Amino acid sequence: MAFGIFKKFNLGLKKTRETMSGAIDAAISENEDITDQLYDDLEEILIMGDVGMNTSAEICEKLREYVAKHHLKKSSQVKGAIKEIVSEMLEGGEDMGLVTMPSIILVIGVNGVGKTTTIGKMAAMYKAQGKKVILGAADTFRAAAIDQLEEWANRAGVDIVKHHEGADPAAVVFDTIQAGIARDADIIICDTAGRLHNKKNLMDELAKIYRIIDKELPYNDRESLLVLDATTGQNAVNQARDFKNVCEITGIVLTKLDGTAKGGVVLAIKNDLKVPVKFVGVGEKIDDLQPFNPKAFADGLFDNEVKHDEENMFMDTESEEKPAEEKAE
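Heads up: the sequence shown begins at 635 in this note's numbering, then just goes up one per residue.
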């Protein structure tokens with residue numbers, strides 16, 4: 635049976651919810667009324683949940699304003715208010731908005747974060763939506779990346795353009811764009827190397843790729859997505875900041891959300907870095923890469939059960955059996 639998006643987020647955020655939401659419940663039970671002590675406790679809980687110091691402080695300030703505006707008195711009323719605040723803070727920019735044909739997505743990220751797997755799952759998702767997808771294996775510095783992407787292309791049933799190990803990544807992107815145009819592709823997804831240890835090489839490489847896209851697809855929609863591992867918590871925020879300093883990042887893909895209690899990092903990324911989260915990985919199956927939904931995330935963070943009316947609003951229509959994710963990259 636296919637799960638709706640609210641169910642997917644609820645399951646994927648189970649570990650984070652048990653830690654953060656459980657601690658908030660305990661703080662509420664210890665403070666019957668809304669007091670300064672409650673605000674201090676909540677801020678500490680959010681910081682411990684990898685929400686980040688600045689964002690945690692901002693949430694508590696917004697909570698104070700909400701409490702005053704709605705004349706709340708009892709601590710039991712606070713959790714629903716926090717959920718509403720979190721949902722509103724996460725809104726904006728999460729939609730991909732790929733309209734032109736072909737649109738192009740560049741995927742960036744260091745080894746081990748799930749970049750190749752993310753591309754494969756993304757390709758499968760768009761293919762299931764009836765889109766014609768072509769992949770470009772432009773992470774040519776790691777032979778395994780090319781082989782893994784080809785395996786995912788076969789699983790997803792999409793075309794792939796690849797060169798040999800060590801080939802010029804920009805040449806792969808060029809050939810992929812030409813193939814996409816010739817084959818009437820809707821979406822081109824290109825893997826790229828994420829070698830942060832040499833920022834100048836990374837900048838030069840991506841600048842060359844951007845020049846090719848500007849020349850070949852000057853008016854087409856594009857996204858540059860950075861893949862981050864949610865299990866690394868605040869380190870993921872620091873990594874995003876480093877990448878943002880050297881290249882264009884239009885959105886974040888946060889993987890392995892189901893395997894960590896550090897899901898609060900989504901808030902830190904969106905609020906501190908002003909970069910929207912576009913997708914999250916909430917499981918190992920091929921259909922467990924989900925477009926980011928602020929309300930579903932906020933509900934999954936604080937609610938143990940999924941409301942049926944919400945579930946029916948966002949039912950996942952894909953019901954075919956999907957293969958499990960391959961070995962770790």
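Ideal Cβ placement from N, Cα and C applies to all residues, glycine included. Because the structure is a prediction, the values reported are computed rather than measured.
Neighbourhood of residue i by C-beta, 6 angstroms cutoff - its chain only, sequence neighbours within 5 removed
i      : result
ASN927 : ILE639
ASN946 : Because the pLDDT at ASN946 is just 49, under 50, the model does not fix this residue reliably, and the value given afterwards should be weighed accordingly. There are no such residues.
ALA778 : none
VAL914 : LEU888, LEU891, GLN924, PHE926
ALA772 : PRO803, VAL806, VAL807, CYS824, ASP825, THR826
ALA932 : LYS717, VAL720, SER721
Buried or exposed (CB count within 10 angstroms, at least 16 for buried), residue i
i      : result
THR669 : exposed
VAL747 : buried
LYS749 : buried
HIS942 : Note that HIS942 scores 46 on pLDDT, short of 50, meaning its location in the model is unreliable; the coordinates nonetheless yield the value given after this. It counts as exposed.
PRO965 : Since the first residue of the chain shown is 635 and the last is 963, residue 965 is not available in this structure.
MET654 : buried
GLN763 : exposed
ASN665 : buried
GLY646 : buried
From the options, residue whose alpha carbon lies closest to that of residue i
i      : options                        : result
LEU859 : ILE846, GLY646, VAL909, ASP937 : VAL909
THR894 : GLU725, ILE658, ARG651         : ARG651
MET682 : LYS703, VAL887, ILE658         : ILE658
GLY754 : ILE738, LEU732, TRP786         : TRP786
ILE739 : GLY934, GLN873, ASP855         : ASP855
GLY770 : GLY743, ASP809, THR734         : ASP809
ASP729 : ALA930, ASN688, LYS912, ALA864 : LYS912
LEU840 : ALA819, LEU724, LYS878, ILE815 : LYS878
ASP863 : ILE742, ASP906, LEU836         : ILE742
MET735 : ILE843, TYR700, LYS896, ILE811 : ILE811
The alpha helix (DSSP H) enclosing residue i, as first and last residue numbers
i      : result
ALA715 : 712 to 724
ILE681 : 670 to 682
GLY885 : Where GLY885 is concerned, there is no enclosing alpha helix (DSSP H), although the beta strand (DSSP E) it sits in stretches over 885 to 889.
PHE640 : 639 to 646
LYS761 : 749 to 762
ILE594 : Residue 594 cannot be examined here, being either before or after the span of the chain that is shown, 635 to 963.
ASP937 : Per DSSP, ASP937 belongs to no alpha helix (DSSP H) and is neither H nor E.
PHE877 : 868 to 880
Terminal residues of the beta strand (DSSP E) in which residue i lies
i      : result
ALA771 : 767 to 771
PRO925 : 923 to 925
LEU862 : 856 to 863
LYS708 : That residue, LYS708, is in no beta strand (DSSP E); it is neither H nor E in DSSP.
ILE739 : 737 to 742
VAL909 : From DSSP, VAL909 is part of no beta strand (DSSP E); its letter is neither H nor E.
Other residues of its chain near residue i: CB distance less than 7 angstroms, five sequence neighbours each side excluded
i      : result
HIS797 : THR774, ALA805, VAL806
ALA790 : GLY754, ALA757, ALA758, LYS761
Residues of its chain near residue i, where Cβ-Cβ distance is below 8 angstroms and the 5 sequence neighbours each way are ignored
i      : result
ILE662 : LEU672, SER709, SER710, VAL712, LYS713
VAL685 : ILE693, GLY898, VAL899, LEU901, ALA902
GLY800 : THR774, PHE775
VAL733 : ASP855
ILE794 : ILE768, LEU769, GLY770, ALA771, LEU783, GLU784, ALA787
Near the ligand ADP: residue i beta-carbon under 7 angstroms from a heavy atom
i      : result
TYR760 : Inclusion of the ligand ADP in the displayed structure is not the case, the ligand content being empty and no account of it being possible.
Self-check item: Within the stretch 791 to 845, ranges of the beta strand (DSSP E) (whole runs, at least 3 residues)
Solution: 793 to 795, 821 to 825
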